[in-house]
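These notes concern the structure reproduced below.
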Amino acid sequence: MYETGDTVARNIALAAKHYLAAARAGIPLAQYRLGAFFLEGQGGVRDPVLAFVWYSRAAANERSGGLAAHAAKARDKIARTLSESEKARGAAIMNKTAKASEGGSGTARAPRKRSTGTGFIVSADGHILTNNHVVAGCAEVRIKPLVVPVLAQDAALDLALLKVGAKFKRFATFRDGGIRKGETVVVAGFPLPGLLASDLKITTGTVSGLAGPGNNKNLIQLSAPVQKGNSGGPLLDLSGHVVGVVMGKLDALKLARATGDIPQNVNFAIKGNVARDFMAANGVEAVAAFSAIDLPPADVAERAQLYTALIECWK
Numbered sequence: 001m002y003e004t005g006d007t008v009a010r011n012i013a014l015a016a017k018h019y020l021a022a023a024r025a026g027i028p029l030a031q032y033r034l035g036a037f038f039l040e041g042q043g044g045v046r047d048p049v050l051a052f053v054w055y056s057r058a059a060a061n062e063r064s065g066g067l068a069a070h071a072a073k074a075r076d077k078i079a080r081t082l083s084e085s086e087k088a089r090g091a092a093i094m095n096k097t098a099k100a101s102e103g104g105s106g107t108a109r110a111p112r113k114r115s116t117g118t119g120f121i122v123s124a125d126g127h128i129l130t131n132n133h134v135v136a137g138c139a140e141v142r143i144k145p146l147v148v149p150v151l152a153q154d155a156a157l158d159l160a161l162l163k164v165g166a167k168f169k170r171f172a173t174f175r176d177g178g179i180r181k182g183e184t185v186v187v188a189g190f191p192l193p194g195l196l197a198s199d200l201k202i203t204t205g206t207v208s209g210l211a212g213p214g215n216n217k218n219l220i221q222l223s224a225p226v227q228k229g230n231s232g233g234p235l236l237d238l239s240g241h242v243v244g245v246v247m248g249k250l251d252a253l254k255l256a257r258a259t260g261d262i263p264q265n266v267n268f269a270i271k272g273n274v275a276r277d278f279m280a281a282n283g284v285e286a287v288a289a290f291s292a293i294d295l296p297p298a299d300v301a302e303r304a305q306l307y308t309a310l311i312e313c314w315k
């Protein structure tokens with residue numbers, strides 16, 4: 001009805017919402033149509049992995065009847081185009097669905113929000129950079145109100161690239177050049193959602209080291225406070241340019257057991273050049289600029305608010 005515009009005004013977004021609810025309830029036609037929505041990018045979100053998942057569910061649904069053959073054909077066609085990482089993501093989603101329905105009616109349990117992180121827009125085409133651990137194993141990745149496809153993941157670098165179906169005038173600019181120890185940096189993100197207010201949080205500190213644990217040269221050590229939920233957010237210099245991707249904090253309890261001392265403000269970010277190389281390897285060119293003028297942290301925060309987003313992992 002909402003998809004075709006019969007009897008009511010055509011509304012693709014509302015149609016997708018109704019299909020999703022019905023598909024989760026085990027309705028074969030809704031599962032099939034949702035597969036088509038994700039395959040074709042209707043509603044602004046194209047995700048071949050989720051298309052594969054929903055076509056697979058429709059094909060395996062005992063109530064599908066003649067629709068099962070069409071769903072299986074669409075599923076198999078998509079499967080031939082998926083990369084190994086995309087196949088692994090699809091398998092993980094299907095596995096979670098199977099476990100959720102064991103001993104029940106066979107209808108998949110609707111995913112629930114399990115964790116959150118931060119991401120930031122890095123292109124006019126809506127590419128979003130975050131940590132891999134923020135989105136790894138998620139049945140759905142959401143940036144309200146959208147379900148967002150994961151385009152690329154690198155577990156070793158702990159980076160992931162997402163994409164929303166929209167154009168953006170404001171997105172993050174990377175620093176053209178390296179960073180030095182002692183420089184002031186700004187962390188932008190959404191730590192501890194549900195405990196703190198929902199707006200973007202800003203902390204400041206300094207670069208205290210140019211390597212991470214095990215002398216990992218891909219990382220920066222920083223003193224700016226980082227909390228759960230900051231992961232994947234931008235680390236900015238005082239010109240408002242990205243110099244890193246916030247990764248996390250040192251395990252204070254583990255270190256205390258090993259050394260007898262509790263570390264203070266020992267946090268890490270992935271260096272900006274590493275993030276740029278990851279983006280380039282996945283077809284996204286970062287925009288870079290020289291950092292010539294220092295701005296007040298409040299001004300840096302205002303800019304970051306335009307392109308930084310809360311990411312939800314649903315399982």
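The C-terminal position of the sequence shown is numbered 315 in our numbering, with every residue numbered one higher than the one before it. Built from N, CA and C at the ideal position, the CB exists for glycine as well.
Pick helix, strand or coil for Lys73, following the three-state DSSP scheme. Helix at Lys73.
My assumption, with CB atoms under 8 Å, is that Lys163 sits in contact with Leu151. Please give the rounded CB distance. Lys163 to Leu151, Cβ: 5 Å. Contact.
Per-residue DSSP class, three states only, for Lys113: Reduced to three states, the DSSP call for Lys113 is strand.
Identify the continuous alpha helix (DSSP H) that holds Val49 and give its terminal residues. First-last of the alpha helix (DSSP H) with Val49: 48 to 60.
By a C-beta neighbour count over all protein chains shown, 10 Å radius and 16 as the cutoff for buried, is Arg75 buried or exposed? Classification for Arg75: buried.
Answer yes or no: do Ala124 and Phe174 have a C-beta to C-beta separation smaller than 8 Å? It is not a contact, given that the beta carbons lie outside the stated cut-off.
Compare the C-alpha of Leu235 against each of Leu222, Glu312, Phe278 and name the closest. Out of Leu222, Glu312, Phe278, Leu222 has the C-alpha closest to the C-alpha of Leu235.
Under 8 Å between C-beta atoms of Glu86 and Val45: It is not a contact, given that the beta carbons lie outside the stated cut-off.
Spatial distance of Leu137 from Ala155 (CA atoms): In the sequence as presented, Leu is not what sits at residue 137; that position holds Gly. Those two C-alpha atoms are separated by around 12 Å.
Going by DSSP, what residue range makes up the alpha helix (DSSP H) through Phe278? Segment 272 to 281, the alpha helix (DSSP H) holding Phe278.
Span of the alpha helix (DSSP H), counted from its first residue to its last, around Gly35: Going by DSSP, Gly35 is part of the alpha helix (DSSP H) stretching over 28 to 40.
So for Val135, helix, strand or coil by DSSP? In this structure, Val135 counts as helix in the three-state DSSP scheme.
Below 8 Å, can you find three or more Cβ-Cβ pairs linking the region 214 to 229 to the region 266 to 282? Three or more Cβ pairs drawn from the region 214 to 229 and the region 266 to 282 lie within less than 8 Å of each other, which places the two stretches in contact.
Could you check if Glu84 is buried or exposed, using at least 16 other CB atoms within 10 Å of its CB as the buried criterion? By the neighbour-count rule (16 or more Cβ atoms within 10 Å), Glu84 is not buried but exposed.
Only counting the same chain, and skipping five residues up and downstream in sequence, which positions put a Cβ closer than 6 Å to that of Ala22? Closer than 6 Å at the Cβ level, and outside the excluded window around Ala22, lie Ala30.
Assuming contact is defined by CB atoms lying nearer than 8 Å, are Ala281 and Asp176 in contact in what I supplied? The answer is no: Cβ separation not under 8 Å.
Does Asn267 come out as helix, strand or coil in the three-state DSSP assignment? In the three-state scheme derived from DSSP, where H, G and I count as helix and E and B as strand, Asn267 is classed as strand.
Residues that DSSP places opposite Lys201 in a beta bridge: DSSP lists Gly189 as the bridge partner or partners of Lys201.
Please work out which residues of its chain come closer than 8 Å, Cβ to Cβ, to Leu200, disregarding the five sequence neighbours upstream and downstream, and give them in chain order. Excluding sequence neighbours, Leu200 sits near Ala188, Gly189, Phe190, Ala301, Ala304, Gln305, Thr308.
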